[in-house]
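The sequence shown begins at 217 in my numbering and counts up one residue at a time.
We put the beta carbon where it would ideally sit given N, CA and C, even for glycine.
Working notes, beginning with the structure itself.
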Amino acid sequence: MPDSIMYQEDWFVVLETDQPEQFLTPEELLAKLKERILSYQDNLPRELTKFTSVEEQARHLMENFCEFDVGAGEYLQWYVTRLEK
217 MPDSIMYQED WFVVLETDQP EQFLTPEELL AKLKERILSY QDNLPRELTK
267 FTSVEEQARH LMENFCEFDV GAGEYLQWYV TRLEK
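Put into structure tokens, the structure is as follows:
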């Protein structure tokens with residue numbers, strides 16, 4: 217039986233173009249994704265257009281993906297990580 221700690225999402229490591237890696241809480245990552253979604257409202261992936269609010273779009277992105285296309289030559293990626301053993 218898998219340990220429940222495997223499903224905890226306490227921290228995310230975030231990789232972004234020309235930025236050092238960051239460790240963010242789920243709430244902080246959600247805020248960052250909402251900000252990015254608002255900036256790219258005209259070029260959202262089709263999967264996100266079915267949601268009516270930016271909150272829903274960001275949560276779906278955070279829970280189901282690990283990358284958001286922010287333009288040519290740029291990237292925004294996030295991965296769940298554990299800071300303690």
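Cut-off 6 Å between Cβ atoms - residues of its own chain near residue i, not counting five sequence neighbours on either side
i, result
"Glu-283", "Gln-293"
"Asp-285", "none"
Own chain residues within Cβ distance below 7 Å of residue i, not counting five before or after
i, result
"Met-217", "At Met-217, the pLDDT of 47 sits below 50, so the modelled position is not reliable; the number obtained from the coordinates is stated separately. Closer than 7 Å at Cβ, skipping near neighbours: no residue."
"His-276", "Leu-264 and Phe-267"
Chain C within 9 Å of residue i, Cβ atoms only
i, result
"Gln-235", "No chain C appears in the structure shown, which is made up of a single protein chain."
C-beta contact flag for residue i and residue j at 9 Å
i, j, result
"Phe-228", "Val-296", "yes"
"Met-278", "Leu-249", "yes"
"Glu-290", "Thr-241", "no"
Supposed contact pair residue j and residue i - C-beta distance, whole angstroms, cut 8 Å
i, j, result
"Leu-246", "Ile-253", "Not quite, the Cβ-Cβ distance comes to about 10 Å (not below 8 Å), so this is no contact."
Other residues of its chain near residue i: CB distance less than 8 Å, five sequence neighbours each side excluded
i, result
"Leu-299", "Asp-226, Trp-227 and Phe-239"
heavy atom of the ligand ADP below 8 Å from residue i C-beta
i, result
"Glu-283", "Inclusion of the ligand ADP in the displayed structure is not the case, the ligand content being empty and no account of it being possible."
Output the residue ranges of the alpha helix (DSSP H) runs that lie fully inside the stretch 251-280 and measure 4 residues or longer, sorted by chain position. Within the stretch 251-280, the complete alpha helix (DSSP H) runs of at least 4 residues are 262-265 and 270-280.
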